[in-house]
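**Q**
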Amino acid sequence: MEKRKRVLGIVEWLLVLVLMALLSVIALKTKDRLGEVKEMVSMQDSKLVLYEGPKSLKDASPEDLKAAKEKDREFSLLHCVDTIVKINGYDCYVYDTNVNHSRSWSPDYMPVQSRTPVTYFDFEGIANIEVTVPDISLTSVKLSPVSSGIEPLMDAANNKVSFTITEPGNYTLTFNDSPSRALHIFANPLETDIPSMDDENVIYIGPGEWNIESIMMEDNQTLYIAGGAVIHGVVNANYAENVKVLGRGIIDGSQYKTWGGSTAHIPLKFDFCDGVELRDIIVLNPNAWVLNSLSTKNELIDGVRIISSRPNGDGITLQSCENITVQNCFVRSWDDSLVVKNYQGNSNNITFKNNQLWTDLAQSMEIGFETNKGKEENAMISNITFEDITVLNNFHKPVISVHNADDAMVKDIVFRNIIVENAQMGSGDGDEMPYLIDLLITQSSNWSKTKERGQIRNVLIDGVKVLSGRFNGSRIEGYNADHTVEDVTIKNVEILGEKIISFEQGKFEIASESTKNLVIE
Amino acid sequence: MTILRRGLIVLLLIANIVLLIYFVNGIKEPPQEIIAENVTLVAAPDQTEAEIHPAFIKEEFVLTLPEGENIAVDKKIKDNGFTDVYGANRANDGKADGASYWEGKGYPSIITIDLEEPANIHAVRVVLNPLSIWGKRTQTIAVNISSDGESFTELVKTKQYTFDPDEGNQVQIPFDETETRFVQLVITENSGAGGGQVAEFEIYSK
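Going line by line, the protein sequences match chains A and B. So in numbering that gives the first Met the number 0, spot 439 of the first sequence is number 438, and the numbers just go up one at a time. So in numbering that gives the first Met the number 0, spot 50 of the second sequence is number 49, and the numbers just go up one at a time.
1. Does any residue of chain B have a CB that is nearer than 8 Å to the CB of His231 (chain A)?
2. In whole angstroms, give me the CA-to-CA distance for Leu360 (chain A) and Lys68 (chain A).
3. Cβ of Ile519 (chain A) within 8 Å of Cβ of Ile494 (chain A)?
4. Based on the DSSP secondary-structure assignment, which residues constitute the bridge partners of Gln454 (chain A)?
5. Give the range of the alpha helix (DSSP H) segment to which Asp31 (chain A) is assigned.
6. Run through chain B and tell me which residues come within less than 8 Å of Met379 (chain A), C-beta to C-beta.
7. Going by alpha carbons, who is nearest to Thr483 (chain A) out of A:Glu190, A:Asn403 and A:Ile412?
8. Reducing DSSP to helix, strand and coil, say where Thr1 (chain B) ends up.
9. Beta carbons nearer than 9 Å to chain A: which residues of the segment 32 to 49 of chain B have them?
10. Can we say the segment 128 to 143 of chain A touches the segment 337 to 344 of chain A, given the rule of at least three CB pairs closer than 8 Å?
11. Could you name the residues that DSSP lists as bridge partners for Val587 (chain A)?
12. How would you list, in chain order, the residues of chain B whose beta-carbon sits under 8 Å from the beta-carbon of Ala59 (chain A)?
13. Let's test the definition: count the other Cβ atoms within 10 Å of the Cβ of Met196 (chain A) and tell me whether it reaches 16, buried, or not, exposed.
14. Please work out which residues of its chain come closer than 8 Å, Cβ to Cβ, to Glu135 (chain A), disregarding the five sequence neighbours upstream and downstream, and give them in chain order.
15. Report the CB separation of Pro173 (chain B) from Pro65 (chain B) in whole angstroms; it is logged as a contact under 8 Å.
16. Alpha carbon to alpha carbon, what distance is there between Asn169 (chain A) and Val303 (chain A)?
17. Find the residues of chain A that neighbour Leu62 (chain B), judging by a C-beta separation of less than 7 Å, and give them in chain order.
18. Check distances from the C-beta atoms of the segment 22 to 43 of chain A to those of chain B and list, in chain order, the residues that come in under 8 Å.
19. In this structure, does DSSP put Pro53 (chain B) in helix, strand or coil?
20. Taking the alpha carbon of Ile164 (chain A) as the point to measure from, which residue in A:Ala156, A:Ser146, A:Gly427 and A:Pro178 has its own alpha carbon closest?
21. Do you know how far the Cα of Lys410 (chain A) is from the Cα of Ser511 (chain A)?
22. Assuming Val93 (chain A) contacts Cys79 (chain A) under a Cβ cut-off of 8 Å, what Cβ separation, rounded to an integer in Å, is found between them?
23. Strictly under 8 Å for the Cβ-Cβ distance: is Lys46 (chain A) near chain B by that measure?
24. Pull out every residue of the segment 200 to 217 of chain A whose Cβ sits closer than 9 Å to any Cβ of chain B, in chain order.
25. What residues in the segment 5 to 31 of chain B have a beta carbon less than 8 Å from any beta carbon of chain A?
26. Roughly how many angstroms lie between the CA atoms of Met216 (chain A) and Asn237 (chain A), to the nearest whole one?
27. Apart from the five residues on each side of it in sequence, which residues of its chain come closer than 6 Å, Cβ to Cβ, to Glu178 (chain B)?
28. Mind checking if Leu152 (chain A) is an interface residue toward chain B, Cβ cutoff 8 Å exclusive?
29. May I ask which residues mark the beginning and end of the beta strand (DSSP E) holding Thr350 (chain A)?
30. Using only alpha-carbon positions, find the residue among A:Asp192, A:Val242, A:Met109 and A:Gln220 that is nearest to Glu333 (chain A).
31. Any idea which residues DSSP pairs Leu299 (chain A) with across the strands?
32. Closer than 8 Å is the cut-off here; do at least three beta carbon pairs connect the segment 440 to 455 of chain A with the segment 367 to 385 of chain A?
33. Confirm, please, whether the CB-CB distance from Ile300 (chain A) to Val325 (chain A) is below 8 Å.
34. List the residues that DSSP assigns as beta-bridge partners of Gln196 (chain B).
35. Is there a C-beta anywhere in chain B that falls below 8 Å from the one on Glu11 (chain A)?
36. Ordered along the chain, which non-local residues of its own chain (more than five positions away) have a Cβ less than 6 Å from that of Met364 (chain A)?
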């Protein structure tokens, strides 16, 4: 009896041990599972706004997608059907607009044009993006900006790419290391502070395709172009105060034939204005340059997206402007992407920050060439900053350039944290200036208006990283001993993984007689 | 001791069962799909082609010219300065479109037509390009006359006029019929440019 009790006692203790061990295992598994679930992405609070494109836009046929001059094929904005985009499982409308892969100037203003898909939506939380390209045999895919750290998943068998974003921004998907049919995705935050259509100072344009010819903004007016709207026309202001152009819609210039050196219809043009705010809108296929301000002050250009493809299609051009901020923009242009120059008066206190550029032709960030077109006394361009700029592609001329072709003083210029994802400067007829950095005082038969030459002073280039492409050289050259480039500091330059700590290593061409106090570190 | 041991066994058994049930049924994965109510689809209107937006449909403007004939076309014309290439001779070439306009350089912007011989006149019409891109603006204008081109007298006092593309982008300034050879506009304000602008300066005679 005693023995049985003892055995039973031992069995019960063993059972206690087994149950305790089991409890530990279940507790550990539960903890792991809780951690796993905690890590899981929750769509609970995610929100999504999708905009149907105008029903009047035609589907882009294979014929429409052929590379051709604008007079030889359908040139209007189309509904893209060869690139299918789903956001969180919902169809997202894709537009098909014109882009230009030519890398040489076209004297007849009729370069061959291609097409590319563009889409946009608003979201908060998480957006799972799935892109299907049935006509592309996928071998590789890249999501820009690379700094987002997002590696898209490629399903080559099903011609599909997927990735998840949690931050609004401008994203570009490049297939097979080719600019052809790259998909531009403009992922907006949810819209707030939508102007009231009942406000008498608001011109409210809702979804649909609309001809508006031209809108001349008057003092204190707001033009709101809603998501889903496509307007054909231009928006200008002269001598206006406190004007705004807002909204997620598109200004499309397809109806205008190439300006051909005579009639430019500038989608966004603000001359001699004080207090301008341009936010979020998308501009496609202008017939010349795109967003131009002349002698305007106190302007904010925030989140504007631009794709130009025709000759002289400069992206954002600021002529003789003061107190301007250009931020969060995307500019793909067939001419200079960002430009500062002097036409009537001086340029001062201009900041370009957190912008993405894709420069199909000419320079990415250009000061000049015209620095005193108005031939004014003591002309000056000063306090110009380019900061946190990602150049997705530059195919033609310098990424960073100060070209002083008049008699102005150009001073206090900063380029900081510039990332070049694909450096292809020197393609086509860009071989005349295939530089990464170009600081130059020159006399130009094309651009110079003054007889006297100017100066360049105090330039800081801090942080330039070329991730892929070509290892091109740079140039620093004044005009002569009296017209010089002085006080230039270049640091934190890295080209294709190589840290550049000497001018020789960076393949700099330096004119010693017309430059002073150049430092690289 | 036995009771304690057995109690412990029961407690452990219960704890295991409760934790197991929680492990199997109690841990909920967050939703992996977006909640339908959180998706907004903004629909496009039914359209088969681009339409003129309702906000930009204009009433037809019927222009009525002053009585008589415009006698200013191609007469001698001069100014006190001009901007860029927009010289005075563009203001009486019979064209108000494209780049055919005069723009003064600062204020006052003065433009004078020599009718070459005295004429009886009763109105001037100041015209800007009628396209809407030439947005609505005001100009402050005085009309002066002279018989010798040197000494001018005020015919119409300085006044602000509105130029509206929806109404032909023109203003007509009538006055009592008067005989003169030289007619002058003195512009002291333009809300749309840095100087006076005139695409056509018309002078009417019956």
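Don't be surprised by glycine CBs; every beta carbon is placed ideally from N, CA and C.
**A** On the basis of the coordinates in this document:
1. yes
2. If you take the alpha carbons of Leu360 (chain A) and Lys68 (chain A), they lie about 17 Å apart.
3. no
4. DSSP lists A:Met408 as partners of Gln454 (chain A).
5. Glu1 to Glu38
6. Those within 8 Å of Met379 (chain A) in chain B number zero; the least Cβ separation is about 20 Å.
7. A:Asn403
8. Residue state, collapsed to three classes: helix.
9. Answer set for the segment 32 to 49 of chain B: Glu32, Ile33, Ile34, Asn37, Val38, Thr39, Leu40, Val41, Ala42, Ala43, Pro44, Asp45, Gln46, Thr47, Glu48 and Ala49.
10. no
11. Lying outside 0 to 520, the shown extent of chain A, residue 587 (chain A) is not represented and no answer is given.
12. Near Ala59 (chain A) there are no residues of chain B at all, since even the closest Cβ is about 17 Å away, more than 8 Å.
13. exposed
14. According to the sequence displayed, residue 135 (chain A) carries Ile and not Glu. Listed in chain order, the non-local C-beta contacts of Ile135 (chain A) below 8 Å within the same chain comprise Asn158, Phe174, Asn175 and Arg180, local neighbours out to five positions each way being set aside.
15. With 8 Å as the limit, Pro173 (chain B) and Pro65 (chain B) qualify as a contact, their Cβ atoms being about 7 Å apart.
16. Taking the straight line joining both Cα atoms gives about 10 Å.
17. Here the premise fails: no neighbours, minimum Cβ distance about 19 Å.
18. Leu22, Ile25, Ala26, Lys28, Thr29, Arg32, Leu33, Val36, Met39, Val40, Ser41, Met42 and Gln43
19. Reduced to three states, the DSSP call for Pro53 (chain B) is helix.
20. It is A:Ser146.
21. 19 Å
22. With 8 Å as the limit, Val93 (chain A) and Cys79 (chain A) qualify as a contact, their Cβ atoms being about 4 Å apart.
23. yes
24. Ile202, Tyr203, Ile204, Gly205, Pro206, Gly207, Glu208, Trp209, Asn210, Ile211, Glu212, Ser213, Ile214, Met215, Met216 and Glu217
25. Flagged, chain order: Arg5, Leu7, Ile8, Leu11, Leu12, Ala14, Asn15, Leu18, Leu19, Tyr21, Phe22, Ile26, Lys27, Glu28, Pro29, Pro30 and Gln31.
26. 8 Å
27. Counting only residues of its own chain and dropping the five nearest sequence neighbours on each side, Glu178 (chain B) has a CB closer than 6 Å to the CB of Pro117 and Asn119.
28. no
29. Here the beta strand (DSSP E) through Thr350 (chain A) covers Ser346 to Lys352.
30. Note that residue 333 (chain A) corresponds to Trp in the displayed sequence, not to Glu. Residue A:Met109 is the option with its Cα nearest to Trp333 (chain A).
31. A:Glu276 and A:Thr324.
32. yes
33. yes
34. B:Glu102
35. Yes, because at least one Cβ of chain B sits closer than 8 Å to the Cβ of Glu11 (chain A).
36. Leu337, Phe385 and Ile399
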